[in-house]
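These notes concern the structure reproduced below.
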Amino acid sequence: MLSNKNKKDITIATIGSHSALQILKGAKDEGFKTLVVCVKGREKPYKSFNVADEIIIIDSYKDFFKVEKELLEKNCVIIPHASFIEYVGIDNVKDLKIPYFGNKNILCWESNRDKQREWLKDAGIRIPKIFDNPKDIDRPVIVKFHGAAGGKGYFLAKNEEDFKKKISFHPESKQYVIQEYIIGVPMYAHYFYSPLTNEIEIMSFDIRYESNVDSLGRISARDQMALPGVDPSYVVVGNVPVVVRESLLPEMFDMGEKVVEHSKKISPPGLFGPFCLEGVLTPEMHFYVFEISARIVAGTNPYINGSPYTALKYDVPMSTGRRIAREIKNAIEQGKLDLLLE
Ligand code: AMP
């Protein structure tokens, strides 16, 4: 825990990857000192873009805990992102002694597909159907392997027979989920919930650019059939900014509110800070959520200079990274920092 004196002299820190540029730039813009921990060879962007007052270099991510004492002495607050959780290890996050922005307990809901589903469903969010038994497949499905990095190996199937044939190519993969395939546009909604104001903010939206699925349309169906082994994969290679139809915004707000309200029941004090609902929008304008990320997502990176939505609300360019720093600053001013840090 930070002493009262130290609460005024915080350094915002994170691991150099994912959305660190945005987090550090936002922290600087809000007047904080910044520090980034990088694995050797990955420090160049943080030097070049001049977002970090200090760079600590480690040989491997496993060494993060070796520098924890130094970070504590430097009065750091850690801002987690997906790569931070992956590299430090979800089971190790709870043992971190450095003050951590967010609710650590929500990670166990977010990291387990079944628990995520329960959370979303009980919050009243529309989700794709899950088929427990391949015999019941009566529509297009996507088969997702647990822990598959970036959607590698996912496949589509149209019925039980098709499923059985394709799953036989993955004898090593025992754990998977058979999920209804929603035909529409994949869309990612970025939110921020402030426990200080009790308000949900829409920060931005993005569309993931995924390889190779987003380029298959460049190859005609005839050529796809002729080429061996052209199966879709869903590896994210970048993020494309998008604004949604304005008429969809009320529903988007409503979904964000429901997810946060329910999180307060399942994992008090609930989800706060940045989060993302990841889904597919159908031609009927139904948004099916297939995943929730309970922290900053890389899809906010196109908006380092703010998004159309944050431009409406703030008089400075407000990225999600900066919004986190602003929340910490507001909490310090109100003497409520303990609400945000674990
Ligand atoms: P995931 O690993 O769950 O994030 O899924 C990776 C990618 O697969 C997503 O970004 C979407 O492009 C696609 N996808 C996942 N679930 C579905 C679904 N139920 N319907 C359609 N596309 C999906």
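For the sequence shown, the working numbering begins at 28 and goes up steadily by one.
Where is the CB? At the ideal position from N, CA and C, for every residue including glycine.
Would you please state the rounded distance, in angstroms, between the beta carbons of residue i and residue j? I believe it to be under 8 Å.
i    : j    : result
N130 : S294 : 6 Å
I349 : D56  : First, the residue type needs correcting, since residue 349 is Arg and not Ile in the sequence shown. Right, their Cβ atoms sit about 5 Å apart.
S346 : I331 : 5 Å
I42  : F111 : 5 Å
I83  : V64  : 5 Å
Y203 : V170 : 5 Å
P268 : Y208 : P268 to Y208, Cβ: 25 Å. No contact.
V262 : S242 : About 11 Å separates the two Cβ atoms, so there is no contact after all.
G326 : N266 : 5 Å
Would you mind sorting residue i into buried or exposed? The rule is 16 or more other CB atoms within 10 Å of its CB.
i    : result
F219 : buried
S231 : buried
V46  : Checking the sequence shown, residue 46 turns out to be Ser, not Val. By the 10 Å Cβ count, S46 comes out buried.
N328 : buried
T224 : exposed
P255 : exposed
L147 : buried
R272 : exposed
P277 : exposed
A352 : buried
L62  : buried
C135 : exposed
V264 : exposed
G283 : buried
E226 : exposed
K52  : buried
Mapping the DSSP letters down to three states, classify residue i as helix, strand or coil.
i    : result
H289 : helix
Y341 : coil
S320 : strand
F232 : strand
K60  : strand
L367 : coil
I359 : helix
G283 : helix
V115 : helix
V269 : strand
I227 : strand
L123 : coil
N239 : strand
T38  : strand
E134 : Note that residue 134 is Leu in the sequence shown here, rather than Glu. Helix at L134.
E305 : strand
G297 : coil
Worksheet entry | Segments of 4+ residues assigned as alpha helix (DSSP H) that fall wholly inside the segment 144–220 | Correct list: 187–194.
Worksheet item: Quick one: complete alpha helix (DSSP H) runs, 4+ long, within the segment 62–112?
Response: Runs of the alpha helix (DSSP H) inside the segment 62–112: 71–75, 95–100.
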